[in-house]
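One structure is given here, and the rest of the page talks about it.
Protein chains: 2
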Amino acid sequence: RIPQETIRRLALYLRSLRKLSQQNLTIVSSSQITNHLNVTSDQFRKDLSYFGSLGKPGVGYRVDELIEHLEKILGVDSERRIILAGVGKLGSALLAYPGFLNFNFRIVAAFDNDPVKIGKKREGIRIEDISRMREVVSRFGVRLAILAVPAESAQSVAEKLVECGIRGILNFAPVNLDLSQKVYVLDVDMGTELMALTYFSRRVLL
Amino acid sequence: RIPQETIRRLALYLRSLRKLSQQNLTIVSSSQITNHLNVTSDQFRKDLSYFGSLGKPGVGYRVDELIEHLEKILGVDSERRIILAGVGKLGSALLAYPGFLNFNFRIVAAFDNDPVKIGKKREGIRIEDISRMREVVSRFGVRLAILAVPAESAQSVAEKLVECGIRGILNFAPVNLDLSQKVYVLDVDMGTELMALTYFSRRVLL
Ligand SMILES: NC(=O)c1ccc[n+]([C@@H]2O[C@H](COP(=O)([O-])OP(=O)(O)OC[C@H]3O[C@@H](n4cnc5c(N)ncnc54)[C@H](O)[C@@H]3O)[C@@H](O)[C@H]2O)c1
Ligand SMILES: NC(=O)c1ccc[n+]([C@@H]2O[C@H](COP(=O)([O-])OP(=O)(O)OC[C@H]3O[C@@H](n4cnc5c(N)ncnc54)[C@H](O)[C@@H]3O)[C@@H](O)[C@H]2O)c1
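If you're matching them up, the sequences are chains Y and A in order.
Sequential numbering of the first sequence, starting at 1, is according to our numbering.
Sequential numbering of the second sequence, starting at 207, is according to our numbering.
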């Protein structure tokens with residue numbers, strides 16, 4: 001099993017390589033790729049070693065080749081459709097975020113249970129009633145969902161997502177979801193991030 | 207140096223322990239604390255071992271004692287003031303989020319450069335002009351900031367934050383900030399999270 005941290009770093013390498021390609025660089029060293037990232041060249045080589053050998057020591061890495069390789073590993077070489085559950089303050093901001101398209105993610109449908117919101121269009125997407133989720137998910141063949149409902153309804157909405165065939169949930173609600181092995185949950189907990197920030201910022205060089 | 211992942215897990219243990227304390231449990235086992243978290247009891251014991259010995263093998267952990275200990279390590283035993291730079295779609299959602307208070311974080315000031323927004327009140331906070339940041343930061347004695355400005359202004363605004371004495375930045379802009387050693391930056395990159403989700407959700411049990 002490949003560690004989650006390795007996959008997150010691959011995504012950062014992909015972002016760096018895309019920038020280097022915009023600067024018309026064709027062959028780069030590992031330190032050019034990991035510049036500005038808190039990553040050593042050793043860690044970079046170790047991360048890539050999980051996926052076969054790339055680049056030649058002393059010669060460097062071909063930017064276009066490495067981009068293509070990473071896009072395939074990360075599955076962003078083709079469009080990924082996602083659905084959004086909960087179109088509140090955070091959900092609306094996520095719906096309007098153009099950055100997801102940079103990595104081939106497109107929110108194709110959004111669901112809520114607030115009668116005032118259902119039927120309205122936001123960013124070109126009609127807000128659907130949560131009861132219509134199964135029908136819409138199977139029509140679009142979606143496997144991924146963003147969960148942005150309040151903490152008290154997160155577990156029940158997440159169970160509905162799994163029933164509809166969703167296999168990956170990006171969870172913003174500050175609760176630990178208890179779901180079957182059939183689904184992978186990634187939590188984005190901003191409270192946890194701020195605590196980590198507090199801890200490490202107190203230890204920087206003064 | 208303690209790994210970032212360990213500190214994130216401590217924050218998750220604290221959240222679990224608070225729930226257990228609400229259920230009036232006074233002594234718990236490590237597996238009760240790590241239940242619903244993708245963490246083994248071994249990992250839990252290893253994480254705690256960085257901070258001295260806690261709990262007795264076979265007897266378990268005192269919930270109130272462990273909560274107090276973790277709150278002190280994570281620095282959430284006293285109020286942490288934070289400022290917000292960028293009050294757009296995401297910044298507004300963060301400003302309205304009550305969850306930060308659960309861990310003693312309070313947004314005390316918000317800054318923007320849009321003349322239409324400056325002077326308006328949102329969630330009880332007056333949006334200030336970014337040029338007044340130094341004065342407000344030193345008045346409140348703030349060390350932490352959330353950065354929610356567009357990617358193209360993130361580097362320059364981050365540099366201003368460091369000049370004002372900010373020592374920790376939670377960065378939502380999808381760029382690698384190049385800052386002095388005096389500041390700790392934690393990136394929340396939702397594109398990276400979605401890529402990791404794509405990778406792992408394709409490998410769950412089918
Ligand atoms: N706002 C933030 O910056 C922020 C930050 C971190 C975490 N969160 C978390 O993200 C989640 C959303 O936060 P928010 O600020 O957007 O809240 P919000 O109350 O503004 O939005 C929640 C939305 O979910 C809908 N909803 C409620 N129950 C539902 C159900 N059973 N089925 C479908 N839709 C339902 C509501 O109608 C509403 O539109 C919360 O769990 C919150 O804790 C928010
Ligand atoms: N919206 C999302 O869900 C989302 C998700 C992931 C990442 N992000 C990132 O978060 C950041 C904010 O996103 P958003 O959707 O809220 O954008 P937005 O355009 O709605 O908000 C940006 C705000 O920053 C202000 N601003 C611009 N330049 C500034 C400067 N120099 N000084 C002070 N304020 C300045 C603008 O006036 C605006 O209010 C972006 O970098 C974006 O890539 C957003």
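Glycine included, every Cβ here is placed at the ideal spot set by N, Cα and C.
Keep in mind that this is a model prediction, so the values were computed, not measured.
Outcome for residue i when other beta-carbon atoms lying within 10 angstroms are tallied against a minimum of 16
i	result
V185 (chain Y)	buried
H69 (chain Y)	buried
S236 (chain A)	buried
S255 (chain A)	exposed
G168 (chain Y)	buried
N24 (chain Y)	exposed
A151 (chain Y)	exposed
N102 (chain Y)	exposed
G191 (chain Y)	buried
R338 (chain A)	exposed
R215 (chain A)	buried
R208 (chain Y)	What the structure shows of chain Y is the stretch from 1 to 206, and residue 208 (chain Y) is not part of that stretch, so it cannot be assessed.
R286 (chain A)	buried
DSSP three-state assignment for residue i, whether helix, strand or coil
i	result
I288 (chain A)	strand
R126 (chain Y)	strand
D187 (chain Y)	strand
I375 (chain A)	strand
L385 (chain A)	coil
I213 (chain A)	helix
G262 (chain A)	Note on residue identity: the sequence assigns Lys, not Gly, to residue 262 (chain A). Strand, per DSSP.
K323 (chain A)	coil
V355 (chain A)	coil
I208 (chain A)	coil
A96 (chain Y)	coil
Y13 (chain Y)	helix
D270 (chain A)	helix
D112 (chain Y)	strand
F250 (chain A)	helix
F105 (chain Y)	strand
V28 (chain Y)	strand
L403 (chain A)	helix
L144 (chain Y)	strand
R224 (chain A)	helix
G75 (chain Y)	coil
Q23 (chain Y)	coil
V368 (chain A)	helix
L90 (chain Y)	helix
Pairwise C-alpha distance: residue j and residue i
i	j	result
D189 (chain Y)	L280 (chain A)	15 angstroms
E163 (chain Y)	K182 (chain Y)	10 angstroms
S247 (chain A)	G58 (chain Y)	43 angstroms
F406 (chain A)	E334 (chain A)	42 angstroms
V410 (chain A)	L403 (chain A)	11 angstroms
P380 (chain A)	A360 (chain A)	9 angstroms
L37 (chain Y)	Q43 (chain Y)	11 angstroms
Q228 (chain A)	T212 (chain A)	24 angstroms
A148 (chain Y)	G88 (chain Y)	7 angstroms
R207 (chain A)	N310 (chain A)	25 angstroms
V108 (chain Y)	S156 (chain Y)	22 angstroms
P98 (chain Y)	V28 (chain Y)	29 angstroms
R221 (chain A)	G55 (chain Y)	44 angstroms
A146 (chain Y)	I82 (chain Y)	Reading off the sequence, residue 146 (chain Y) comes out as Ile, not Ala. Cα to Cα, the separation comes out at about 7 angstroms.
G292 (chain A)	F317 (chain A)	6 angstroms
R328 (chain A)	P321 (chain A)	15 angstroms
N241 (chain A)	Y61 (chain Y)	43 angstroms
V342 (chain A)	L385 (chain A)	22 angstroms
R340 (chain A)	L290 (chain A)	13 angstroms
I166 (chain Y)	K225 (chain A)	28 angstroms
K252 (chain A)	E277 (chain A)	18 angstroms
T439 (chain A)	V39 (chain Y)	No answer is possible for residue 439 (chain A): it lies beyond the span of chain A, which begins at 207 and ends at 412.
G325 (chain A)	F306 (chain A)	24 angstroms
K323 (chain A)	L367 (chain A)	20 angstroms
S344 (chain A)	D187 (chain Y)	34 angstroms
P3 (chain Y)	Y219 (chain A)	20 angstroms
G52 (chain Y)	R408 (chain A)	20 angstroms
Rounded Cβ spacing between residue i and residue j (contact assumed at less than 8 angstroms)
i	j	result
L17 (chain Y)	V63 (chain Y)	6 angstroms
L90 (chain Y)	F140 (chain Y)	Actually they are not in contact, since the Cβ atoms of L90 (chain Y) and F140 (chain Y) sit about 22 angstroms apart, beyond 8 angstroms.
E193 (chain Y)	L376 (chain A)	6 angstroms
I331 (chain A)	N319 (chain A)	Not quite, the Cβ-Cβ distance comes to about 16 angstroms (not below 8 angstroms), so this is no contact.
A299 (chain A)	M195 (chain Y)	A299 (chain A) to M195 (chain Y), Cβ: 20 angstroms. No contact.
A158 (chain Y)	L144 (chain Y)	About 13 angstroms separates the two Cβ atoms, so there is no contact after all.
Quiz prompt | Within 7 angstroms of ligand 2: residues by beta-carbon to any heavy atom | solution = Y:A93, Y:L94, Y:A96, Y:Y97, Y:G99, A:A291, A:G292, A:V293, A:G294, A:K295, A:L296, A:G297, A:F317, A:D318, A:N319, A:D320, A:K323, A:I336, A:A354, A:V355, A:P356, A:A357, A:S359, A:A360, A:S362, A:V363, A:F378, A:A379, A:P380, A:M396
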